[in-house]
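Only one structure is covered here, and it is reproduced in the block below.
In the working numbering, the protein residues as written are 24 to 1093.
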């Protein structure tokens, strides 16, 4: 059989040459076991020296980097870079990350130096570690070094290290990138490993820098910008200024409400608060200095702040003894006792003043009384109308036709004469209609001519008419009283049983020429007289109507005058108070109730009474609104004056109200915890400034804060009192606009100054001793000075008295004239009234003062009542008239007094009185302020009275009678620097606590054997400020600085720091 003939088999079916699979497995197992046994008996050698060497090098690398990092971090804290510059380009140490860039470079350089020592050996294997920024070149070395075509720069060092805060910044996390460990055998690389190495060191360098930067930013933050020194300064100065301002207003001999000593104290107290917020603790030395300064400032506040002994003050506040650090928080509130009074700041800012509508009600009453007759007349107004109607009832409508007298006669013209005859009766009384029948007879004469002669012809004809003459009238009072029906009218009766318009119909007929109906009808037929005519007549008024209306006005005047509102002094200070606007709104709401119009008027007299009431209430509202606008103008003027740059103001648009609100938001911050859980345990910071307390006096080498041989002034201050005396300085422009005055002072203020001068002369004129108790013969130059001051006091008093007396004479003449307008007293009696009222006051100063405060008006009314009978209405009217006359006189430039004479008299009076106060207080005050005050009250109470009579501040709505508060404004600016500021932490090796130090110097590092300046370390500096506004109730002495200095600047302003340093302070250009 051929192969092709064999049957075909598949692979699956073909079983030829096959071996069982199990047999194959057995053979493989046996052979592998034999092979493994052979290997075990033979042995294999593995070289692990490279791995061991590299592991040992890596194990040594981490602590080396950690140690280098910790050292670099401490070095960076000792010389923190806060400003780029020096040898390193600004592309390496950048402005916005100068400290961090310098820290990274320090860490990188330290790591680069430390990794060189990290080696390991295992047999012939040597493992070394390198970083990519090996052998950096100093930036001062130019070009390329041999063998290094691409030198490493400090930028490479910086970029090879990254840093991050850990544990709230109390630890530093550092990552060194691309750290390479290399193993070599006989110089040949046999292994290499590259990785990033991250370590964490318990050095709070980032937290220290960040919190110090935060602290410095808070010191420079303004009052409106947020929490910080500006707001702390605001809150503390408001406490002092309001307490001292109220003490001054109510009698304490306070000359400077806000002085630089208060600014210094408040600044340092505020700094301790900011330190607690930023670091969790305050500098104990700062707290101790605040405590000592508060005590000393409080004791010396009654003395004239003429200056300080710089060396003594610096030693005092920088004494080395410090309180328990746990008491540091208490020092922040040490400004509270510095009040020189018995007020409480919370009480002061919450004070309210009651403002009444009295002055406006007086002015409105006078105006309404002057208009009483006009108002009454308008209530008796009647409108009358005469209407005539003519109807033809018969007769010819025109003359007969012309008939020529013959041929050749030509018509030339004609003339007609007429006569009318009215018949009928009735309708001629009151508002009535009269009907008359009228016959009109006409005679027409015609003229003819034939060329040479003339001829006339005559015809007669008549017409008949019916004529009605109607006279109508209606009661039409002018607008004034609310629209109500009136009954009765046009008949006798009404509220006071008067004519009550009864006479108006006949008066209307007379005025309308309608009294004789026959004549009116005949004229209506004979001519084309106007058929319709209107007129207005006024009825006769009862003789007692005026008195009745005035008595009613007097009754409502008492109610309106008593309308009151309260104004918060804080709102006045903020410029948001407008009591007269509130009073106007109150009266507007109560208008209907005050007018009290009946449902139906009881005749015209009743309507006149109500119209007068309404006119009076409306006049009061209008006067209040006008005064509200004036007060708003003054408040706007205060804002404008306070923002004037030459008065220390700011042009940034910040309102006084924003500063007041900021003071209310001042809180003592809670300490901020630094770190509770960190790699090295809990972390705390303690600031230590050198000096801790920043005085505005100089410190020198005697202080550990200052380099030997140098002197520095850590703090400079300025405070500007905007309104130093009433109507003076910046206030003049505002009050000039309100009072239309120039360089003049209103009489009441001049009177108070004169009264103070008068009393000072009385108390000092007969005394032979000098203020300190020595005799004039023993006092030498002091006595000479006192004599000169006494002579100047007398001269200024006499000049001012002459001016005030002349103004008083002009006011008395006005009052005398007004008495004549209100009463029937003859001239001699009127003069006697004025003389008697004026004689109640012993001196011109007392009299001028009484003219402004309302007592003189009461005296006039009382003296008038003794000489004539006054009803309640008369008395109310007279009082209102005199008060209004006096207010008008006080506003007049004719009664004002020379400002220069008032100012000079006030200055010398204060000087003499102040010396008397100091002679009693000064020595004892240094030992015990209470005894000094007691003795002052016993022996020289007059001196305190005098000093408070001559005041300061700007009256709000300054017109006498409308004065509801006095405001004053202080702009305060501070600038300071710490020659050295340390932030210490409880971390670090034993005996080497962590210190972050800010001073003035260079931050350097060694690079390849050269010292390279990375940048500069700057001291902690700050500038901030605030504006203080104080409002007190009206009346002398107001509130403000009265020592003659409106701008108080500490030595060195505006440049803190080393003496003779120049600078440009923000506050100088604001």
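Even glycine gets a Cβ: it sits at the ideal position worked out from N, Cα and C.
Original post:
Can residue 1046 and residue 1081 be called in contact, C-beta distance under 9 Å?
Top reply: Residue mapping note: residue 1046 aligns to position 1023 of the chain shown, counting from 1. Residue mapping note: residue 1081 aligns to position 1058 of the chain shown, counting from 1. No, the pair does not count as a contact, with Cβ atoms beyond the cut-off.
Original post:
Any idea what DSSP makes of residue 581, helix, strand or coil?
Top reply: Within the chain shown, residue 581 is the residue found at index 558, counting from 1. Helix, per DSSP.
Original post:
On the premise that residue 201 lies in contact with residue 155, defined as a C-beta separation below 8 Å, what is that separation, rounded to the nearest angstrom?
Top reply: Translated into the one-based positions of the chain shown, residue 155 becomes position 132. Translated into the one-based positions of the chain shown, residue 201 becomes position 178. With a Cβ gap of about 5 Å, residue 155 and residue 201 count as contacting.
Subject >> Cβ-based burial, residue 448 [other Cβ within 10 Å; buried from 16] >> reply: The count along the chain shown starts at 1 and reaches residue 448 at position 425. Residue 448 is exposed by the Cβ-count criterion.
Subject >> CA-to-CA distance, residue 783 to residue 792, given in whole angstroms >> reply: As a working note, residue 792 is residue 769 in the chain shown. As a working note, residue 783 is residue 760 in the chain shown. Because residue 792 carries a pLDDT of 43, less than 50, the predicted location of this residue cannot be relied on, and no value is offered for it.
Subject >> Unbroken beta strand (DSSP E) run spanning residue 506, endpoints >> reply: Counted from its first residue, the chain shown places residue 506 at position 483. First-last for residue 506: undefined, no H or E at that position.
**OP:** Assign residue 508 to buried or exposed, taking buried as 16 or more other Cβ atoms, counted over all protein chains shown, within 10 Å of its Cβ.
**Re:** Working through the chain shown from its first residue, we reach residue 508 at position 485. Under the 10 Å beta carbon count, residue 508 is surrounded by fewer than 16 other beta carbons and is classified as exposed.
**OP:** Could you name the residues of the same chain whose beta carbon sits closer than 6 Å to that of residue 953, not counting the 5 residues immediately before and after it, in chain order?
**Re:** In the chain shown, counting from the first residue as 1, residue 953 sits at position 930. Confidence at residue 953 is low in this model, with a pLDDT of 43, below 50, so the placement of that residue should be treated as unreliable; the coordinate-derived value is given next. So no residue of the chain qualifies.
Original post:
Among 538, 308 and 501, which has the Cα closest to the Cα of residue 451?
Top reply: Against the chain shown, residue 451 aligns to sequence position 428. Out of 538, 308 and 501, 538 has the C-alpha closest to the C-alpha of residue 451.
Original post:
Quick one: what's got a C-beta closer than 8 Å to residue 827's C-beta in the same chain, skipping five residues either side?
Top reply: Taking the first residue of the chain shown as position 1, residue 827 is located at position 804. Excluding positions up to five away in sequence, the list reads 770, 773, 774, 777, 867, 868, 871 and 920.
Original post:
Closest to residue 182 by CA distance: which of 188, 189, 193 and 199 is it?
Top reply: Translated into positions along the chain shown, residue 182 becomes position 159. Nearest C-alpha to residue 182: 199.
Original post:
If we count Cβ pairs, one from each stretch, closer than 8 Å, do we get three or more for the region 568 to 580 versus the region 377 to 392?
Top reply: yes
**OP:** Put residue 933 into one of helix, strand or coil per three-state DSSP.
**Re:** Within the chain shown, residue 933 is the residue found at index 910, counting from 1. Residue 933: helix per DSSP, three-state reduction.
**OP:** Please state whether DSSP places residue 780 in a helix, a strand or coil.
**Re:** Translated into the one-based positions of the chain shown, residue 780 becomes position 757. The answer is helix: DSSP assigns residue 780 an H, G or I state.
Original post:
Exposed or buried, what is residue 285 when buried is set at 16 or more other beta-carbons lying within 10 Å of its beta-carbon?
Top reply: Within the chain shown, the letter at position 262 stands for residue 285. Residue 285 comes out buried.
Subject >> DSSP three-state assignment for residue 278, whether helix, strand or coil >> reply: The residue you call residue 278 lines up with position 255 of the chain shown. In this structure, residue 278 counts as coil in the three-state DSSP scheme.
Subject >> Within 9 Å, strictly: CB atoms of residue 1018 and residue 1040 >> reply: For this step, residue 1018 is matched to residue 995 along the chain shown. For this step, residue 1040 is matched to residue 1017 along the chain shown. No. Outside cutoff.
Subject >> Exposure of residue 50, with buried meaning 16 or more beta-carbon neighbours within 10 Å >> reply: Translated into the one-based positions of the chain shown, residue 50 becomes position 27. Residue 50 comes out exposed.
Original post:
Would you report the Cα separation of residue 1107 and residue 603, rounded to the nearest angstrom?
Top reply: Look at the range of the chain in this structure, 24 to 1093, and you will see that residue 1107 is not part of it.
Original post:
For residue 433, which residues of its own chain have a beta-carbon under 8 Å away from its beta-carbon, when the five flanking residues on both sides are left out?
Top reply: Taking the first residue of the chain shown as 1, we reach residue 433 at position 410. Taken in chain order, the residues that qualify are 471, 472, 473 and 474.
Original post:
Sorted by chain position, which residues of the same chain lie with C-beta nearer than 8 Å to residue 1035's C-beta, five sequence neighbours on each side aside?
Top reply: On the chain shown, residue 1035 is found 1012 positions in, with the first residue counted as 1. Counting only Cβ-Cβ distances below 8 Å, and skipping sequence neighbours, we find 109, 110, 111, 161, 162, 163, 177, 1027, 1028 and 1029.
Subject >> Simplified DSSP assignment, three categories, for residue 917 >> reply: As a first step, residue 917 must be located in the chain shown, where it is residue number 894. If DSSP states are grouped into helix, strand and coil, residue 917 belongs with coil.
**OP:** Within the same chain, show all residues whose beta-carbon is closer than 6 Å to that of residue 412, passing over the 5 residues directly before and after it, in chain order.
**Re:** Along the chain shown, one-based indexing puts residue 412 at 389. These residues qualify, in order along the chain: 491.
Original post:
Below 8 Å, can you find three or more Cβ-Cβ pairs linking the region 879 to 897 to the region 852 to 859?
Top reply: yes
Subject >> Range covered by the alpha helix (DSSP H) that runs through residue 470 >> reply: Within the chain shown, the letter at position 447 stands for residue 470. From DSSP, residue 470 is part of no alpha helix (DSSP H) but of the beta strand (DSSP E) over 456 to 472.
Original post:
Once you ignore the five residues that flank residue 151 on each side, which residues in its own chain have a CB closer than 8 Å to its CB?
Top reply: Translated into the one-based positions of the chain shown, residue 151 becomes position 128. The answer, listed in chain order, is 80, 141, 142, 204, 205 and 207.
**OP:** Please go through the same chain and pick out, in chain order, the residues whose beta-carbon is closer than 8 Å to the beta-carbon of residue 815, but skip the five residues on each side of it.
**Re:** On the chain shown, residue 815 is found 792 positions in, with the first residue counted as 1. Excluding the 5 residues flanking it on each side, residue 815 has same chain C-beta neighbours closer than 8 Å at 931, in chain order.
**OP:** List the endpoints of the continuous alpha helix (DSSP H) containing residue 289.
**Re:** Position 266 of the chain shown, counting from 1, holds the residue named residue 289. It spans 283 to 302 - the alpha helix (DSSP H) in which residue 289 sits, taken as one unbroken run.
Subject >> Presumed contact (8 Å Cβ cut-off) between residue 994 and residue 743, rounded CB distance >> reply: In the chain shown, residue 994 corresponds to position 971, counting from 1. In the chain shown, residue 743 corresponds to position 720, counting from 1. That belief holds up - the Cβ atoms of residue 994 and residue 743 are roughly 4 Å apart, short of 8 Å.
Subject >> Element boundaries [alpha helix (DSSP H), containing residue 126] >> reply: The residue labelled residue 126 in the question sits at position 103 within the chain shown. Residue 126 -> alpha helix (DSSP H) spans 121 to 138.
Subject >> Whole alpha helix (DSSP H) elements within the region 140 to 204, 4-residue minimum >> reply: 177 to 182
Original post:
With residue 715 and residue 308 assumed to form a contact (beta carbons below 8 Å), what rounded beta-carbon distance in angstroms separates them?
Top reply: Here residue 715 is taken as the residue at index 692 of the chain shown, counted from 1. Here residue 308 is taken as the residue at index 285 of the chain shown, counted from 1. So it is a contact: roughly 3 Å between Cβ atoms.
Original post:
So is residue 362 buried or exposed if we call it buried at 16+ other beta carbons inside 10 Å?
Top reply: Walking along the chain shown from the start, residue 362 turns up at place 339. Caution applies to residue 362, whose pLDDT of 38 falls short of 50 and renders its modelled position unreliable; the value that the coordinates give is listed next. Residue 362 should be labelled buried.
**OP:** Using a threshold of 9 Å, state whether the C-beta atoms of residue 498 and residue 463 are closer than that.
**Re:** Within the chain shown, the letter at position 475 stands for residue 498. Within the chain shown, the letter at position 440 stands for residue 463. Taking 9 Å as the Cβ cut-off, residue 498 and residue 463 do not qualify as a contacting pair.
**OP:** Compare the beta carbon distance of residue 718 and residue 258 with 9 Å and say whether it is the shorter of the two.
**Re:** In the chain shown, the residue the question calls residue 718 occupies position 695. In the chain shown, the residue the question calls residue 258 occupies position 235. Using a Cβ distance threshold of 9 Å, residue 718 and residue 258 do not count as a contacting pair.
Subject >> Bridge partner(s) assigned by DSSP for residue 591 >> reply: By 1-based counting over the chain shown, the position of residue 591 is 568. Residue 591 is bridged to 375.
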